[in-house]
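Notes follow the structure.
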Amino acid sequence: MKDTPLSNCERDFLLKAIEEKKRLDGRQTYDYRKMKIKFGTDYGCCFVDLGKTRVMAQVSCELVAPKENRPNEGLMFCNIELSPMASPAFELGRPSELSVKLNRQLERCLRNSKCIDTESLCVVSGEKVWQIRVDVHMLNHDGNLMDAISIAAITALCHFRRPDVAVQGDDVTVFSPEERDPIPLSIYHMPISVSFAFFLQGTYLLVDPCEPEERVMDGLLMIAMNKHREICSIQSSGGIMLLKDQVNHHDRKIASVKVSEITELITKALENDKAARKAGGRCGFAESVPQERITALKKEETSVEMTDVTDRASEIVEKAEVPSQTVPSPVVPVPGVGQVGQGLQDTWGLEEEEEEEEDEEGGEEQEEKEITMEVEQHEKDSRGGYFEFSPSIR
Amino acid sequence: MPVDTKRVRGPEVSQSPSLFLCKPAKTLPPDGLRADGRQRDQVDVRPVFVRCGLVSQAKGSAYIEAGNTKLICCVYGPRETERKDETDMKCGRLTTDMRFTPFSCQERGSWIQGSHDKDLSLMLHESLQPALCLHKYPHAGIEMYDLVLSCSIRQDGTSYVVDPSYMEENSHSLVDSENQGGLTVAYLPSLNQISGLQSDGDMTEDTLTAGVRTCIEGCFKIYPVIQHALARAVRRAAPPPSES
Amino acid sequence: MTSLISDEQILLFSGSMMEVCGSSKVTLREFGCEQSLLSRPDGSASFIQGETSVLAAAYGPAEVKVSKEIYDRATLEVLIQPKVGLPSVRERSREQYVRETCEASLLLSLHPRSSLTLILQVLHDDGSLLSCFLNAACMALMDAGLPMSCLFCGVTCAIDTDGQIITDPTAAQEKESRALMTFAIDSKERRVMMSSTKGSFSVPELQQCIAVSQKASEKIFQFYRDSVRRRYSKNL
Amino acid sequence: NTTVICGIKAELANPTVEAPGKGYIVPNVDLPPLCSSRFRPGPPGEQAQAASQFIADVIESSEVIQAEDLCIERGKLCWVLYCDLMCLDYDGNVLDACVIALLAALKNTQLPEVTVNTETCTPVVNLEKRHGLNIHKHPVGASFCVFDDSILLVDPTAEEESLLTSQLTVVTDEAARLCAVHKPGGTSLSGEKLQECISRATVRQKEIQKLIDKVIHSVKTSQ
Amino acid sequence: MATVQVSEAEKVYILHGIRDDLRVDGRGCEDYRHMEIETDVVSNTDGSSKVTLGHTVVLVGIKTEIGKPRPMVPDEGYLDFFVDCSANATPEFEGRGGEELGTELSNTLYRAFNNKHSLDLKSLCISPGEHCWVLYVDVLLLQCDGNLYDAISIAIKAALFNTKIPRVHISADDEGGREIELSDDPYDCVRLNVENVPCIVTLCKVGHRHVVDATLQEKACSVASLIMSVTHRGTVTCTRKVGGGSLDPESIFEMTEAGKRVGKALHAPLMKLLQQEESLGRKKQKVGFLS
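Shown next, in the form of structure tokens:
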């Protein structure tokens with residue numbers, strides 16, 4: 001499906017508004033949209049709402065063999081799924097340019113910045129290590145996917161617990177969460193991406209562009225930074241040329257402020273979730289559905305009436321025609337071939353010649369020799385059994 | 001990680017039990033009779049069983065059996081070309097696709113078409129194309145100049161075997177002889193034209209020339225069988241007026 | 001082998017029925033739904049059954065690719081996104097179930113030569129996933145305002161090792177169970193639109209499960225009605 | 001005219017950590033362009049994938065062979081049965097044909113004896129000693145198609161399939177237990193109608209089982 | 001493949017020329033065009049070469065890696081061919097356009113090397129059943145002007161000649177396991193014996209005669225051609241008919257005869273040239289854009 005194009009009027013309007021330092025949703029230039037972080041029932045599942053942009057991240061793990069040149073290190077793998085759910089422009093199948101770009105950026109942001117202690121993921125050196133897999137699903141695309149992705153991914157990583165393992169000789173035992181408490185990952189720092197959109201050859205800049213703004217922007221600068229003000233990755237795309245100062249001072253300052261704000265939010269959200277889990281209360285997505293909205297409704301556990309179920313079931317069974325007990329005997333014209341049923345003759349024309357016999361015997365010789373066996377089952381159509389029902393019960 | 005998500009997946013690695021045989025597999029006796037009793041150094045092809053028109057959905061189909069080699073082939077078309085730019089509007093286009101079923105060989109094959117399959121597809125394409133009147137397309141039927149027949153030999157030193165079986169084709173003779181290789185020829189019998197030729201191994205030119213001649217001879221042996229099968233298929237499809 | 005259902009069998013199965021009636025397992029877990037929660041799709045809904053939750057989004061009718069065009073009706077595509085990894089054969093088969101059920105209830109011939117896309121995203125799987133897919137799909141299609149001849153809902157039943165029927169089982173109950181069945185029931189005549197089963201079971205058991213599902217479907221359809229009524233309550 | 005060929009190939013593999021006592025059964029259905037003009041070359045389409053999943057479900061539900069039987073040494077070595085089903089002629093009702101072909105092929109499978117050499121930990125295969133698989137159940141499918149709610153047809157052909165409004169496959173075993181009631185959507189069907197189909201399916205099962213037994217027997221006697 | 005459109009008049013002109021043993025560019029029927037060979041052109045590879053034949057340019061790089069031998073032949077190493085039809089050569093190869101041709105070329109190469117003599121694969125074995133050398137032969141087509149097969153095979157021979165495999169030492173450790181050590185000295189390496197490596201000769205049937213090293217124009221006039229890979233002793237390791245036409249058995253015999261003659265003659269000057277270049281050592285002046 002194609003995306004609805006942006007009209008010239010809309011484009012001019014947006015640019016004009018930006019020139020006047022106004023934004024569609026009434027935000028200031030350096031404002032983020034309302035951000036919400038929720039957690040799923042599973043460990044390592046995180047939903048991030050950034051305005052109307054919504055993404056979900058799920059972290060999972062698996063025991064795999066390590067890379068040969070790094071036998072003591074666990075692996076990490078990111079997969080960003082641009083599901084067509086988020087925008088009609090996204091298509092399944094081949095990864096698009098955008099998804100490759102986002103994936104690269106996320107990997108640079110998480111893997112190359114070494115935010116996870118990969119050595120702690122080693123189980124048996126050179127043989128078994130944990131592979132951490134981060135799946136990020138786009139649920140709704142309203143601009144600034146990258147920031148939402150990076151927040152969701154790092155929060156999910158912080159939230160994730162991997163199963164405990166014990167190594168005894170060659171045997172590796174993986175404990176279920178009931179047997180032993182799962183273990184959180186050791187995370188050194190939390191890189192968070194902050195995106196800046198540039199307009200009119202870099203004269204104007206906005207933080208956290210929404211989707212219509214992204215469409216009219218000239219370029220995008222993504223800075224990934226942690227709260228210690230260390231830059232983890234920086235990427236500029238689009239055809240803009242930026243002044244060195246712009247990147248160095250201005251953007252960095254803004255980014256660091258935003259990053260510390262977001263980090264605080266994440267920490268708070270994680271603490272809330274931890275407290276909720278400790279208290280034994282229900283948590284997860286089912287609990288996070290807003291009750292007050294009129295588009296939402298919830299129904300308590302209900303029991304299903306079972307009266308007359310028995311009667312109805314037995315009635316049907318009894319009323320049904322008793323299947324005929326006579327079974328036609330199959331014809332075996334030559335060894336290895338059987339026929340049953342009536343109707344259309346098949347095109348294999350077995351009855352025609354004697355030659356067929358030789359051919360089937362050939363097949364059996366093969367069976368003696370090889371482990372593989374094939375039986376050709378020529379099923380004759382039993383189309384004679386053409387029957388019609390009269391509607392019995394209404 | 002490229003994984004096939006469109007099929008039911010098994011374990012990542014599995015090995016054929018034939019790798020762990022307690023006894024080594026039998027090797028070919030270098031001389032004397034062949035495993036199935038046929039003669040060496042003679043144009044002794046296996047009996048073939050051919051039947052046409054087995055697949056009801058296809059426009060044309062054939063099933064052939066020679067020894068334990070079994071093959072089914074179907075022809076579909078004509079259909080609209082997908083890539084308009086490549087097609088010359090004046091003539092039709094032939095596409096061929098050849099696949100091994102995963103259980104066809106000793107080693108379990110993959111469902112994904114391997115390079116061997118592709119290679120055979122290409123060879124098939126090249127061998128058939130000269131016999132087809134593609135320029136007459138689209139008209140009813142597929143007119144052909146001639147039948148295309150094919151025969152293989154396997155040279156092993158000074159002796160050779162015609163129509164080698166799987167074992168003969170894949171066994172490596174222990175003697176490091178000079179002349180060793182395989183040759184396949186596709187031949188149009190009534191036009192006396194070779195439409196396909198492929199060989200590998202290491203052979204002198206004389207052997208090669210002799211091999212080609214042997215293969216042609218082999219093709220002539222199969223010729224009547226195929227003709228007979230075709231005639232029978234035609235007779236069945238359009239029975240003579242007396243019967244109807 | 002004599003008669004298909006011998007007398008003993010009937011006795012047996014009515015005996016087990018007594019237990020079923022008294023059992024508290026025949027319940028639907030708490031369920032909830034939120035419609036129009038995404039801004040981009042034409043219709044969206046999340047459906048929650050206990051802990052199992054699915055997010056559904058519908059797009060369309062929209063432009064269709066030439067290769068997929070059907071001249072007399074709309075082309076429906078259903079995509080299921082698992083939570084982890086890429087969709088596999090299992091998802092593909094579930095897509096087929098959901099798609100053919102939707103095709104039967106949607107009036108596709110009203111939008112010839114156009115495309116409808118339904119995307120289902122697993123948010124959490126705690127059993128009865130296929131029925132949750134169906135319910136979310138139905139709500140999303142309703143939210144998108146697509147014309148349908150009837151509504152449908154999904155009910156999953158499990159038969160545990162004692163022969164008891166459990167409706168809307170959790171993942172743990174599914175694992176324990178001997179057989180698992182999911183039905184789609186239509187809102188018009190409460191008949192079976194779709195059936196998918198796992199494990200082996202007897203004929204009376206099947207009929208019982210269908211009957212239970214038909215009963216359970218009443219509750220779900222009532223829930224559909226309530227939520228739609230609530231949603232449009234302000235406009236009235 | 002529908003023709004399906006099933007090849008079973010057994011290979012050795014290591015069992016998974018989660019299920020050390022189980023082997024693998026890997027069924028795959030292929031609908032190649034060879035069998036009908038409706039299929040294109042390339043990776044399997046939705047129909048083939050759904051069929052593969054269906055066959056996998058039938059194997060699991062019916063317990064035709066148990067994965068435990070394929071274990072050679074717990075946690076170390078087990079069999080992998082690759083059941084590759086290929087349709088040669090697609091004339092409707094491919095699911096029934098697949099189930100029958102699979103059952104017949106499984107009944108005919110002979111696995112060589114394998115022991116594990118304790119010293120080298122490598123398997124040793126003895127091709128001379130072979131044994132058949134332990135077939136617990138004989139599931140057989142019966143497909144029906146529904147036209148406009150009232151007309152039911154058994155064993156639809158390709159032409160009938162293209163016109164139908166709904167399709168139903170019932171798989172039963174010899175004890176008349178149901179292994180699968182597979183109805184991927186389509187128009188709805190009442191419980192009574194379903195019952196009719198099930199009765200038909202049980203008859204069909206007996207018919208086919210008799211056929212397979214007789215065929216297998218004839219193969220054995222002629223050897 | 002890159003094709004050119006040839007008008008009827010041109011076709012007749014070319015056909016008549018060939019009938020009289022005079023080709024458009026002045027060559028005889030069995031003459032090759034001007035050929036340039038350069039080895040050791042890509043420093044990252046273990047052996048490489050670049051061959052220019054007319055306007056056809058082919059680059060071959062060989063990478064050696066330690067791998068596991070194939071289970072069926074535990075005491076041999078193996079070659080792995082990959083032909084990349086770069087979009088550089090012709091825009092038709094863009095995307096997946098060149099894939100089909102690439103498979104065709106690499107399959108023919110596998111065939112040509114599918115015998116015991118072309119290369120001593122046993123010498124590539126390090127320890128039977130466990131480790132062997134794998135030679136990854138990557139072919140890159142930079143420019144297409146006909147006769148790809150010949151150019152590629154010559155380039156492969158040159159690259160194999162140029163290939164240096166590090167020497168390995170196998171030492172047994174205490175527990176009976178073996179350790180493989182690569183020699184640190186970059187000059188301590190093994191060279192391959194390429195004497196028996198075949199060269200491919202493509203014979204194009206044009207009219208009633210056949211020509212060697214056909215240009216694209218000549219190829220457009222022919223219905224079928226015969227590919228032969230010939231060793232220096234004149235044995236044939238692979239033949240293959242390509243193209244949509246068929247050939248008379250007699251003309252095939254003529255063509256194999258000619259192919260053998262031409263192929264055999266190709267080896268001696270090639271080896272001489274390669275040895276000459278080798279002897280220049282590091283002093284040799286690199287030419288071409290890759291220098």
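Protein chains in written order, with the UniProt record's numbering: chain A, 1 to 394; chain B, 1 to 244; chain C, 1 to 236; chain D, 1 to 223; chain E, 1 to 291. Just so it is clear, CB atoms sit at the ideal spot from N, CA and C, and this is done for glycine as well. Values in this document were obtained by computation on a predicted structure and should not be read as measured data.
{"query": "Same chain only: Cβ atoms within 7 Å of C:L107, ignoring 5 sequence neighbours per side", "result": "P147, M148, S149"}
{"query": "Own chain, CB closer than 6 Å to B:S159, minus 5 neighbours either side, in chain order", "result": "R40, D41"}
{"query": "Per DSSP, cross-strand counterpart(s) of A:F199", "result": "A:Y204"}
{"query": "Interface flag, D:S199 vs chain B, CB-CB below 8 Å", "result": "no"}
{"query": "Cutoff 8 Å: C:M139 Cβ touching any chain D Cβ", "result": "no"}
{"query": "Exposed unless 16 or more other CB atoms sit within 10 angstroms - verdict on D:K129", "result": "exposed"}
{"query": "Beta-carbon proximity list for D:I25, same chain, < 6 Å, skipping 5 on both sides", "result": "I59, L81"}
{"query": "is_contact[E:E76, chain B] using C-beta, thresh 8 Å", "result": "no"}
{"query": "Identity of the residue in B:T204, B:L124, B:M167 nearest B:C105 by Cα", "result": "B:M167"}
{"query": "Length at least 4, wholly inside the UniProt domain \"Exoribonuclease phosphorolytic\" (32-166) of chain E: the alpha helix (DSSP H) runs in chain order", "result": "99-112, 148-162"}
{"query": "Any chain D beta carbon closer than 8 Å to B:F103", "result": "yes"}
{"query": "Opening and closing residue of the beta strand (DSSP E) in which A:L220 lies", "result": "219-225"}
{"query": "Beta-carbon proximity list for B:V161, same chain, < 7 Å, skipping 5 on both sides", "result": "R34, R40, I153, R154, E168"}
{"query": "Residue span of the alpha helix (DSSP H) that contains A:L98, given as start and end", "result": "97-107"}
{"query": "Neighbour-count burial assignment, B:P224, 16 or more Cβ in a 10 Å radius", "result": "exposed"}
{"query": "Beta carbon proximity, D:I8 to chain B, threshold 8 Å", "result": "yes"}
{"query": "Under 8 Å between C-beta atoms of B:C52 and B:L230", "result": "yes"}
{"query": "Residue of A:L200, A:S233, A:R108, A:M146 minimising C-alpha distance to A:L98", "result": "A:M146"}
{"query": "Same chain, Cβ closer than 7 Å to A:G362, neighbours up to 5 away in sequence not counted", "result": "For A:G362, the predicted model reports a pLDDT of 32, less than 50, meaning its position is unreliable; a value from the coordinates is still stated below. Closer than 7 Å at Cβ, skipping near neighbours: no residue."}
{"query": "Assigned exposure category for C:P41 - 16 Cβ within 10 Å defines buried", "result": "buried"}
{"query": "Residue-level contact to chain C via CB, D:S188, 8 Å cutoff", "result": "yes"}
{"query": "Reference C:K219; option with closest CA among A:M190, A:S237, A:S303, A:R252", "result": "A:S303"}
{"query": "Selection of the region 22-41 of chain D by Cβ proximity to chain C, strictly under 7 Å", "result": "none"}
{"query": "Ordered list of beta strand (DSSP E) runs contained in the UniProt domain \"Exoribonuclease phosphorolytic\" (32-163) of chain A, each at least 3 residues", "result": "35-39, 45-50, 53-64, 75-81, 122-124, 128-140"}
{"query": "Cβ-based burial, A:N248 [other Cβ within 10 Å; buried from 16]", "result": "exposed"}
{"query": "7 Å CB neighbourhood of D:V132 in its chain, flanking five on each side removed", "result": "The amino acid occupying residue 132 of chain D in the given sequence is Gly; Val does not appear at that position. Cβ neighbours of D:G132 beyond the five flanking positions: T109, Q110."}
{"query": "For E:S251, the residue or residues it bridges with in DSSP", "result": "Partner(s): none; E:S251 has no beta bridge."}
{"query": "The alpha helix (DSSP H) enclosing C:S217, as first and last residue numbers", "result": "203-231"}
{"query": "Residue environment, E:N193, which counts as buried when at least 16 other CB atoms sit within 10 Å", "result": "exposed"}
{"query": "Test: B:R7 CB closer than 8 Å to a CB of chain D", "result": "yes"}
{"query": "8 Å Cβ cut-off: residues of chain B touching D:D84", "result": "T101, P102, F103, W111"}
{"query": "Which residues DSSP lists as bridging C:A58, in chain order", "result": "C:G43, C:L118"}
{"query": "Same chain, Cβ closer than 8 Å to D:Q167, five either side skipped, listed in chain order", "result": "S143, F144, C145, V146, P156, E161, K183, P184, G186"}
{"query": "Buried or exposed by the 16-neighbour rule on C-beta atoms within 10 Å, applied to A:Y386", "result": "Low confidence applies here, because A:Y386 scores a pLDDT of 29, under 50, leaving its location unreliable and the question unanswered by this model."}
{"query": "Member of B:E65, B:P102, B:T101 whose CA lies at the smallest distance from the CA of B:R46", "result": "B:E65"}
{"query": "D:N126 - partner residues in DSSP beta bridges", "result": "D:E113"}
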